[in-house]
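Numbering (full-length UniProt numbering), first residue to last: 1 to 360.
Ideal Cβ positions, reconstructed from N, Cα and C, are used throughout, including at glycine.
Following: one structure in structure tokens, then a few remarks.
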């Protein structure tokens with residue numbers, strides 16, 4: 001065994017793959033597949049430790065069941081994420097892929113459901129009546145594969161990346177709650193931190209789940225005290241406030257269509273579940289507010305460009321002007337417990353995972 005000065009360890013077989021990559025600049029997929037699962041996980045850890053970003057990303061996709069192409073950089077702008085299924089897409093243009101309980105992704109999504117303070121569960125102006133509970137327990141999870149939504153999202157990300165490199169070099173970095181960052185950091189395909197791409201949560205009702213899977217989030221049909229837009233949260237306790245229960249006993253046709261889409265003939269599904277969507281979001285150059293009217297960082301600058309609160313104002317001192325890409329609603333003003341993020345353009349959001357959970 002070879003070891004560094006840290007507790008990190010690497011088997012001789014794993015080291016051979018690393019050495020070959022250093023000498024040739026390519027990753028031998030056949031050698032990787034011959035490694036046992038423990039050595040494959042070691043290889044990912046070694047690549048992370050040594051800063052070998054290509055190997056790190058390649059192994060992360062591989063460990064999550066993808067078959068990434070060797071010698072090809074990860075392309076964030078392709079028509080679908082590299083870890084998506086290669087099977088023919090259904091005529092509807094999207095599908096949901098169940099995430100199995102023993103998949104590392106399932107464990108990551110379970111950690112994303114842990115609230116910062118369990119005492120805040122079931123509290124807030126948006127909560128619906130429910131007996132007291134202190135945990136959100138992940139029951140089922142699905143990955144959405146939607147080429148149309150992904151193309152729009154990838155185009156927005158590419159445009160934002162170009163803007164950041166040329167005109168928005170002073171874009172501030174967003175700091176999302178660390179528990180959510182750590183829970184989602186091992187999901188396939190890393191986020192682009194330079195454009196403030198992050199994972200955030202969106203709680204929803206059963207009757208709107210199929211609409212989200214088909215069309216994505218729609219800022220035209222949602223809004224609140226921070227204007228018209230898609231509302232996302234960094235704490236599951238906040239997202240949980242917006243959910244309502246889905247029961248197996250429901251006779252509503254919308255609920256039955258959803259159950260057929262997600263569960264099929266799965267007789268073991270829980271009787272009562274709630275839904276949260278784990279989204280990729282491009283926050284870009286965000287503006288912070290606590291009163292829903294003025295900026296906390298720009299000497300009282302008004303945050304809205306329109307009276308109906310559908311478009312954010314422009315970043316100061318930029319010519320030609322660039323509008324803020326998102327709104328960060330801080331606590332301490334009209335928000336008591338949880339920060340929220342509001343995006344007025346839904347193409348900057350990709351609903352990547354749907355999770356069903358129970359309250360206990």
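| Check | Outcome |
| --- | --- |
| The stretch 234-253 contacting the stretch 325-342, beta-carbon criterion three pairs below 8 Å | yes |
| For residue 246: DSSP bridge partner residues | 273 |
| Stretch-stretch touch, CB-based, cutoff 8 Å, three pairs: the stretch 195-203 with the stretch 278-286 | yes |
| Straight-line gap, residue 361 to residue 221 (C-alpha atoms, nearest Å) | Since the first and last residues shown for the chain are 1 and 360, residue 361 lies out of range. |
| Residue 136 and residue 357 closer than 8 Å at C-beta | yes |
| Residue 61, buried or exposed, once every other Cβ within 10 Å from all chains shown has been counted against 16 | buried |
| Alpha-carbon to alpha-carbon, residue 209 and residue 129 | 21 Å |
| Simplified DSSP state of residue 316, which is helix, strand or coil | coil |
| Test item: CB-CB of residue 109 and residue 138 under 8 Å | yes |
| Bounding residues of the beta strand (DSSP E) (the contiguous stretch that carries residue 145) | 136-146 |
| Buried/exposed call for residue 118, threshold 16 Cβ in 10 Å | exposed |
| Enclosing alpha helix (DSSP H) for residue 253 [first to last residue] | 253-263 |
| Whole-angstrom distance between residue 36 and residue 153, CA atom to CA atom | 36 Å |
| Proximal residues to residue 239 (C-beta, below 7 Å), its chain only, five neighbours per side dropped | 201, 202, 203, 233 and 276 |
| Any 3 or more C-beta pairs closer than 8 Å across the stretch 160-179 and the stretch 98-105 | no |
| Backbone CA spacing between residue 107 and residue 143 [nearest angstrom] | 14 Å |
| Residue 155 classed as buried or exposed, judged by whether at least 16 other C-beta atoms fall within 10 angstroms | exposed |
| Strand pairing of residue 279, partner residues [DSSP] | 200 and 351 |
| 7 Å Cβ shell around residue 179 - same chain, five flanking residues per side excluded | 114 and 116 |
| Same chain, Cβ closer than 7 Å to residue 302, neighbours up to 5 away in sequence not counted | 293, 294 and 313 |
| Buried versus exposed call for residue 196 [16 or more other C-beta atoms within 10 Å across all chains shown] | buried |
| CA-to-CA distance, residue 88 to residue 146, given in whole angstroms | 12 Å |
| Rounded separation between residue 125 and residue 225 - CA only | 12 Å |
| 8 Å Cβ shell around residue 141 - same chain, five flanking residues per side excluded | 98, 99, 105, 106, 109, 353, 354, 355 and 356 |
| From 344, 308, 291 and 359, residue whose alpha carbon lies closest to that of residue 333 | 291 |
| Span of the alpha helix (DSSP H), counted from its first residue to its last, around residue 123 | Element bounds for residue 123: n/a, residue is neither H nor E. |
| Where the beta strand (DSSP E) containing residue 225 begins and where it ends | It is not in any beta strand (DSSP E) - residue 225 carries neither H nor E in the DSSP assignment. |
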